[in-house]
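Reviewing the structure listed below.
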Amino acid sequence: MTRFRRPAIGLLGQVVAILLLTLLIEFGTSTLLYERASSFAVRDDEAHRLAEHLVISRRLMNERAPAQRPAMAAELTTDRYALQWSMALPEPPRISPSLNEMRRQIVEWEPSLKGSDLRVRLQSPGRSSVVAGGLRLADGSWLYFRTLEPVANINLAFERIALALIPAIALMVLGGVLLRRAFLPLRRLAVAAEQVGRGGMGGAVVPVEEDGPGEVRRVVTAFNRMQDRIQALIAGRTQALAAVGHDLRTPLARLHLRIEALDPDETRDAIVRDVEEMEAMITSLLAFLGGDADPERATSVDLAVMCATLADDAQDRGRDAAYVGPDHCEWRVRRIGFKRALMNLVDNALHYGERVTITLIPGGETLTIRVEDDGPGIPDDELEHVLEPFVRLDPARGRDTVGFGLGLPIVQLAVATEGGTLTLANRREGGLCAQIVLPHTGRVQHVSSSPRA
Numbered sequence: 444m445t446r447f448r449r450p451a452i453g454l455l456g457q458v459v460a461i462l463l464l465t466l467l468i469e470f471g472t473s474t475l476l477y478e479r480a481s482s483f484a485v486r487d488d489e490a491h492r493l494a495e496h497l498v499i500s501r502r503l504m505n506e507r508a509p510a511q512r513p514a515m516a517a518e519l520t521t522d523r524y525a526l527q528w529s530m531a532l533p534e535p536p537r538i539s540p541s542l543n544e545m546r547r548q549i550v551e552w553e554p555s556l557k558g559s560d561l562r563v564r565l566q567s568p569g570r571s572s573v574v575a576g577g578l579r580l581a582d583g584s585w586l587y588f589r590t591l592e593p594v595a596n597i598n599l600a601f602e603r604i605a606l607a608l609i610p611a612i613a614l615m616v617l618g619g620v621l622l623r624r625a626f627l628p629l630r631r632l633a634v635a636a637e638q639v640g641r642g643g644m645g646g647a648v649v650p651v652e653e654d655g656p657g658e659v660r661r662v663v664t665a666f667n668r669m670q671d672r673i674q675a676l677i678a679g680r681t682q683a684l685a686a687v688g689h690d691l692r693t694p695l696a697r698l699h700l701r702i703e704a705l706d707p708d709e710t711r712d713a714i715v716r717d718v719e720e721m722e723a724m725i726t727s728l729l730a731f732l733g734g735d736a737d738p739e740r741a742t743s744v745d746l747a748v749m750c751a752t753l754a755d756d757a758q759d760r761g762r763d764a765a766y767v768g769p770d771h772c773e774w775r776v777r778r779i780g781f782k783r784a785l786m787n788l789v790d791n792a793l794h795y796g797e798r799v800t801i802t803l804i805p806g807g808e809t810l811t812i813r814v815e816d817d818g819p820g821i822p823d824d825e826l827e828h829v830l831e832p833f834v835r836l837d838p839a840r841g842r843d844t845v846g847f848g849l850g851l852p853i854v855q856l857a858v859a860t861e862g863g864t865l866t867l868a869n870r871r872e873g874g875l876c877a878q879i880v881l882p883h884t885g886r887v888q889h890v891s892s893s894p895r896a
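See below:
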């Protein structure tokens, strides 16, 4: 059964639709506002009083000559109504809704005003509810009037505020929700792109849901296909290198057997060193590419014992090594990968220095492991560069290093897999300090005994 999929609307189409919807709501609100304003009416006695005043004023103004009408309008002005004569009716304010219901009341009380082209408008809605308007005289001039006091029962302050704020707030919320929904696939795509490569060389591919506008959906589809292609390329390369590495170990093992049959001399020793270097190179390459073991799960490991064991192994080989820290400190890590990382740091320190110190510092939120040596250190401008794969610093660290220059990159990869960080820094007294900081995700389960040195 084919899953129903709604038609994809372009991003531009969705934005236009949102704008169109807001315009329709605004238009409907404005129409409602003016219709509400035109439906307001005053008390009957208020309409009757205004109607009587207009009838009397109209009759007296028609009896006067145009030159006398301004003075007559001033005489007809009372403490309630202001009158003004003009050849043309003044332009009403832009926000000035018509009061059709009030006009109907006035005309019903004084039918003689019906043919005077009576205009009644609300001049200042929401503040003082002043009513203004005009009527046409017999010669075509206009008698303009307005109330000097607020008219009873016309108070649009709350109505106008509500009708203005409610749609504005609704439009902002609605527009924000719709735009957030339209751009949600882009946010998911950004999160997925940020996570690409964070799971190591063989990190699992998490496809992004194909949703949203047509353009965004096509980008998400292309991104998912790109992830699959990258994963396939990495998997194919890793399998090929793993197969080559394992196949190379077979003839190397035969070389070891044949070397045992040779008489001890300088040539035999040189062959042994070359074979061991080849084995170290294959081992480091497979470790970096993740091709020599299945994915390992984190378990509870006593890192204090692991660090102390590495220091003891170095002492057994006649090297100057020391461990500083508690006797026991359990932490959740991937045992094989993390031990390989610590071994690389210790071997690196012993290769370039005479003494190595492994320090373990447990904390409530983090755990810190430092591997310090007394070697020549690394130039400050190369501290980040040496963490890149296949980088070897010839001037500072010679060419007698075994491997491809993957020791520190393997450490960084293992630490990143645990969610931690690796930093390198030169010591003031000389030498290099490699510091590993593991996060709270692998919280300390047990720390016991006093630190030993």
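Position 332 of the sequence shown, counting from 1, maps to 775 under our numbering, and the rest follow consecutively. The beta carbon of each residue, even a glycine, is placed where N, CA and C say it ideally should be.
Exposure of residue i, with buried meaning 16 or more beta-carbon neighbours within 10 Å
i           : result
residue 773 : buried
residue 555 : exposed
residue 827 : exposed
residue 547 : exposed
residue 615 : exposed
residue 965 : Past the boundaries of the shown model lies residue 965; the chain is included only from 444 to 896, so the question cannot be answered.
residue 761 : exposed
residue 489 : buried
residue 703 : exposed
residue 705 : exposed
residue 466 : exposed
residue 669 : exposed
residue 656 : buried
residue 485 : Bear in mind that a pLDDT of 48 at residue 485, under 50, signals an unreliable position, so the model cannot answer this.
residue 545 : buried
residue 861 : buried
residue 499 : exposed
residue 508 : exposed
residue 873 : exposed
residue 398 : Residue 398 falls outside the range modelled here, since the chain spans only 444 to 896, and no answer is possible.
Whole-angstrom distance between residue j and residue i, CA atom to CA atom
i           : j           : result
residue 877 : residue 681 : 29 Å
residue 559 : residue 623 : 56 Å
residue 461 : residue 639 : 33 Å
residue 718 : residue 632 : 48 Å
residue 520 : residue 566 : 18 Å
residue 829 : residue 880 : 19 Å
residue 749 : residue 458 : 59 Å
residue 751 : residue 663 : 49 Å
residue 598 : residue 573 : Any answer about residue 598 is weak, because its pLDDT of 45 lies below 50 and its placement is not dependable; what the coordinates show is given next. Those two C-alpha atoms are separated by around 10 Å.
residue 635 : residue 659 : 14 Å
residue 673 : residue 613 : 46 Å
residue 785 : residue 721 : 22 Å
residue 736 : residue 683 : Interpretation of residue 736 is limited by its pLDDT of 46, a score under 50 that renders its predicted location unreliable; no figure is taken from the coordinates.
residue 629 : residue 575 : 55 Å
residue 551 : residue 577 : 17 Å
residue 619 : residue 564 : 37 Å
residue 831 : residue 715 : 29 Å
residue 686 : residue 775 : 31 Å
residue 434 : residue 463 : A question about residue 434 goes unanswered here, because the residues of the chain that appear run from 444 up to 896.
residue 806 : residue 653 : 43 Å
residue 787 : residue 723 : 12 Å
residue 661 : residue 689 : 42 Å
residue 745 : residue 759 : 21 Å
Cross-strand partners of residue i (DSSP beta bridge)
i           : result
residue 618 : The partner list for residue 618 (beta bridge, DSSP) is empty, contrary to what the question assumes.
residue 869 : 875
residue 528 : 586
residue 800 : 765 and 815
residue 662 : BP columns for residue 662 are empty, so no partner.
residue 577 : 562 and 587
residue 742 : 776
Beta-carbon spacing of residue i, residue j below 8 Å
i           : j           : result
residue 777 : residue 739 : yes
residue 804 : residue 753 : no
residue 780 : residue 857 : yes
residue 883 : residue 811 : no
residue 526 : residue 588 : yes
residue 621 : residue 524 : no
residue 504 : residue 512 : yes
residue 897 : residue 650 : The question about residue 897 has no answer here: the residues shown for the chain are numbered 444 through 896.
residue 585 : residue 532 : yes
residue 501 : residue 580 : yes
residue 821 : residue 865 : no
residue 553 : residue 494 : yes
residue 725 : residue 691 : yes
residue 390 : residue 757 : Not covered by the structure: residue 390. The range shown for the chain is 444 to 896.
Worksheet item: Counting Cβ pairs closer than 8 Å, one from the stretch 760-770 and one from the stretch 850-857, do we hit at least three?
Response: no
Worksheet item: Is there contact between the stretch 702-718 and the stretch 670-688, where contact requires at least three CB pairs shorter than 8 Å?
Response: no
Practice prompt. Could you tell me whether the stretch 775-795 touches the stretch 812-829, using the rule of 3 or more Cβ pairs below 8 Å?
Written response: yes
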